[in-house]
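Number of protein chains: 2
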Amino acid sequence: MFELAPQLEADTVLIGKTPLNRILLMNDSRFPWLILVPERREITEPFDLSDHDQSLLWQESMVVGKMMKSFFNAQKLNIAALGNQVSQLHIHHIARFRADAAWPHPVWGAGVAEPYERDALRKRLFSLQEALSQQLTFEFPQAS
Amino acid sequence: MFELAPQLEADTVLIGKTPLNRILLMNDSRFPWLILVPERREITEPFDLSDHDQSLLWQESMVVGKMMKSFFNAQKLNIAALGNQVSQLHIHHIARFRADAAWPHPVWGAGVAEPYERDALRKRLFSLQEALSQQLTFEFPQAS
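Protein sequence lines, in the order shown, are assigned to chains A and B.
Last residue of the first sequence: number 143 in numbering that gives the first Met the number 0, and the count goes up by one each step with no gaps.
Last residue of the second sequence: number 143 in numbering that gives the first Met the number 0, and the count goes up by one each step with no gaps.
Here it is in structure tokens:
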């Protein structure tokens, strides 16, 4: 059974699921930052997925990236599979702005995360779920 | 006509071309680092490519990443489209090692590039061209 890596579990909030991916929101209000995690066991590189899943991963990644660019009116998207610290395959999608806290540098290692306030988090999740469900086969999180 | 961004031209050496991409070697001997640049004008985001080119981009990216993992016996691949400083779409592929100069952090902004020595560069190019031409439709650089 697929289990999310503990560090990803700790740093993010579940937005929902697509046919391949769990879609997570990084709990750092400084950057609009979504992470796609294919629900496949013991995969660390995108090219270790089956051809079918690779194709699905990049299709879903491109839909998410395009949605984020428009939704946040971003100046640039950063899309990256790094995995030096958390080896479970996960693809970062970060909306970037020339006025953001790390520009023009990458966001990793830049300062300290600022978690969303409760209401802001709820609104952000709701609006992202609405936007994603219009673009992708999308499953909302189960109430817990 | 497609023209490579001046910063990419300055920092890299041409390895060759595929049906979609120019494949460049970052001239920094600290990290095995290839960059794919789709030869399409005025594209800054991968999702701004046509569907056909998006599919080709990720297919070629996955072949290059897999080749690099095996060729360099890498512990991890980092694959990223950032473009905060050079907006022309380009996809980094970096072979990472737990003993490298930036681990476990990303390579961007880590220290100062160490250009290859002439013979090492020639050998590296030759062996990468050989490896890539076995995996992809690959065009060698024209003698200049």
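We put the beta carbon where it would ideally sit given N, CA and C, even for glycine.
Where do the ends of the alpha helix (DSSP H) carrying residue i lie?
i: A:Ala4; result: Where A:Ala4 is concerned, there is no enclosing alpha helix (DSSP H), given that its DSSP letter is neither H nor E.
i: B:Phe125; result: 117-132
i: A:Phe70; result: 50-70
Using a beta-carbon distance below 7 Å, is residue i in contact with chain A?
i: B:Glu44; result: yes
i: B:Asn83; result: yes
i: B:Gly110; result: no
i: B:Met25; result: no
i: B:Lys122; result: no
i: B:Ala73; result: no
i: B:Leu76; result: yes
i: B:Leu15; result: Strictly speaking, residue 15 of chain B in this sequence is Gly, with Leu absent from that position. No, its Cβ sits nowhere closer than 7 Å to a Cβ of chain A.
i: B:Gln6; result: no
How close, in whole Å, do the beta carbons of residue i and residue j come, if the pair is a contact with beta carbons under 8 Å?
i: A:Ala73; j: A:Met66; result: Their Cβ separation, rounded to whole angstroms, is 11 Å, which puts A:Ala73 and A:Met66 out of contact at 8 Å.
i: A:Leu127; j: A:Leu24; result: 7 Å
i: B:Gln87; j: B:Ala4; result: 4 Å
i: A:Ala100; j: A:Ala109; result: 6 Å
i: A:Trp102; j: B:Pro105; result: Not quite, the Cβ-Cβ distance comes to about 15 Å (not below 8 Å), so this is no contact.
i: A:Thr15; j: A:Phe137; result: Checking the sequence, you will find Gly at residue 15 of chain A rather than Thr. Confirmed, about 5 Å.
i: B:Arg40; j: B:Asp52; result: B:Arg40 to B:Asp52, Cβ: 12 Å. No contact.
Who are residue i's beta bridge partners in DSSP?
i: A:His92; result: A:Leu33, A:Ile78
i: A:Lys16; result: A:Arg21, A:Glu138
i: A:Thr11; result: A:Met25
From the beta carbon of residue i, is the nearest beta carbon of chain B less than 7 Å away?
i: A:Ile34; result: no
i: A:Ile22; result: no
i: A:His89; result: no
i: A:His104; result: yes
i: A:Ala9; result: no
i: A:Met61; result: yes
i: A:Gln133; result: no
As a quick exercise: from the options, pick the residue whose alpha carbon is nearest that of residue i.
i: A:His91; options: A:Leu56, A:Leu48, A:Ser132; result: A:Leu56
i: B:Thr11; options: B:Asp27, B:Glu116, B:Phe125; result: B:Asp27
i: A:Gly64; options: A:Glu2, A:Gln53, A:Leu33, A:His104; result: A:Leu33
i: A:Arg95; options: B:Asn83, B:Leu13, B:Ala101, B:Ser69; result: B:Asn83
i: B:Leu19; options: B:Gly108, B:His89, B:Arg29, B:Pro105; result: B:His89
i: A:Lys75; options: B:Asp52, B:Phe71, B:Thr43; result: B:Thr43
i: B:Leu135; options: B:Arg29, B:Met0, B:Met61; result: B:Met61
i: B:Arg29; options: B:Ile93, B:Arg121, B:Phe125, B:Asp50; result: B:Ile93
i: A:Ala112; options: A:Arg121, A:Glu2, A:Arg21, A:Pro31; result: A:Pro31
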